[in-house]
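K.L.:
Take a look at this one; I'll ask things after.
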Ligand SMILES: C[S@@+](CC[C@H](N)C(=O)[O-])C[C@H]1O[C@@H](n2cnc3c(N)ncnc32)[C@H](O)[C@@H]1O
C-alpha cells in the first residue's frame, strides 16, 4: 500500500457523507435547512475546531472576491466559513476521496457549491496553475506530509506575489516521541512531525517571508480539556468529530493533550507571505 493510500484510509473510509447525515438525524438537525454553523462541530476537523478557524480568519488579510486555496480541506468546513464571512471563493484539495465527496455534498446542502470547489489530490502536487490564488492555508495537514519542501514549494508556486499562506499543525516537541494513537496516526506510521524551527526553515526555503509563529499549545489544551470533561460526564455532543475519529476517539483526545503537556508535540499557527 502506498503511503498516500494509507494516509487516506486512516482519515476516512467508506461513505463518510452518509455517516454525517445519519448523525445529523440523530442530533435532530434537518439536512434540508442545515446551516454552516450547525455543521461546524463536525466539519472543522482540527484541534479546537470552529473557534480555531475563526481566530485564524481574524488574523488573515482576506478580501471580498479573493480566490483562496485550502490544502488538505477535509470536509470543507473552514472553506465554507470563509466564503460566508468574506464572500470569497475557495478551491479545496484533499488526499482522502471520501472526505472530498462529503465536502462537495455538504456544500450543496448549504447552497455553496459554486463558491467552494473541492477535488481529490495530494498537496505535494497541486493541480493549479502558477500564481492563481490570493491566499492559501493548510490546517492540521502537514503532520502527514513526508516532503515539506515539495509541499511548501507547491503552495508558494500557486500563490500570487504578496499572497498570504497560513499553516496550523502539531509540530514535534522538544522531548519528541508522541504517544499514539493521535488524530493523524494510530501507531506512528504516516506521521512526519517537524520541529517548528525546521518548519520555518522549510517555509523560507520554499520562498516565503515575514514568517510569524504563534504557540497554540495552551489553547489546544483548553479545548481538549473541555472535550475530555464532557465525555467523562457522558455529555459529549451527538454531532461531533468523534464520528470521524472512530472508536479510539477518547484515547486519541487524551494523547493529543498529554503530548502537548509532556512537550512531545509543539502545536503552532504560522502565517507568512510570498514576497511581492
Ligand atoms: C485533521 S484533517 C484537517 C481537515 C481540514 N483542514 C480541517 O481543518 O477541517 C487532516 C486532513 O489532511 C488531509 N491530508 C493529509 N495529507 C494530505 C496531503 N498530502 N494532501 C492533501 N491532503 C492531505 C487528510 O486527508 C485530512 O482530510
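In this note's numbering, the protein residues as written are 6 to 281. By construction, the Cβ of each residue, glycine as well, lies at the ideal position given by its N, Cα and C atoms.
(1) Rank 223, 115, 128 by C-alpha distance to the C-alpha of residue 41 and give the top, closest one.
(2) So what's residue 78 in DSSP terms, helix, strand or just coil?
(3) Give, in chain order, every unbroken run of the beta strand (DSSP E) that is at least 3 residues long and sits entirely within the stretch 199-246.
(4) Exposed or buried, what is residue 46 when buried is set at 16 or more other beta-carbons lying within 10 Å of its beta-carbon?
(5) I'd like to confirm something about residue 49: is its beta-carbon nearer than 6 Å to some heavy atom of ligand 1, or not?
(6) What alpha helix (DSSP H) runs, 4 residues minimum, are completely inside the stretch 140-174?
(7) Can you tell me which of the three DSSP states residue 119 falls into?
(8) Indicate whether residue 50 and residue 77 have their beta-carbon atoms separated by less than 7 Å.
(9) I need the boundaries of the alpha helix (DSSP H) containing residue 185, first residue and last residue.
(10) So, at 7 Å on beta carbons, what are the nonlocal neighbours of residue 117 in its own chain, with the 5 sequence-adjacent residues on each side left out?
(11) Applying the criterion that 16 or more other CB atoms from any shown protein chain within 10 Å of the CB defines a buried residue, is residue 227 buried or exposed?
(12) Name the residue from 273, 280, 279 whose alpha carbon lies nearest to the alpha carbon of residue 53.
(13) From what residue to what residue does the beta strand (DSSP E) around residue 41 run?
(14) Do the stretch 264-272 and the stretch 180-197 meet, that is, are 3 or more Cβ pairs less than 8 Å apart?
P.N.:
On the basis of the coordinates in this document:
(1) 115
(2) coil
(3) 214-220
(4) buried
(5) yes
(6) 153-163
(7) coil
(8) no
(9) Residue 185 -> no alpha helix (DSSP H), and no H or E assigned at all.
(10) 85, 88
(11) exposed
(12) 273
(13) No beta strand (DSSP E) holds residue 41; the alpha helix (DSSP H) holding it covers 41-48.
(14) yes
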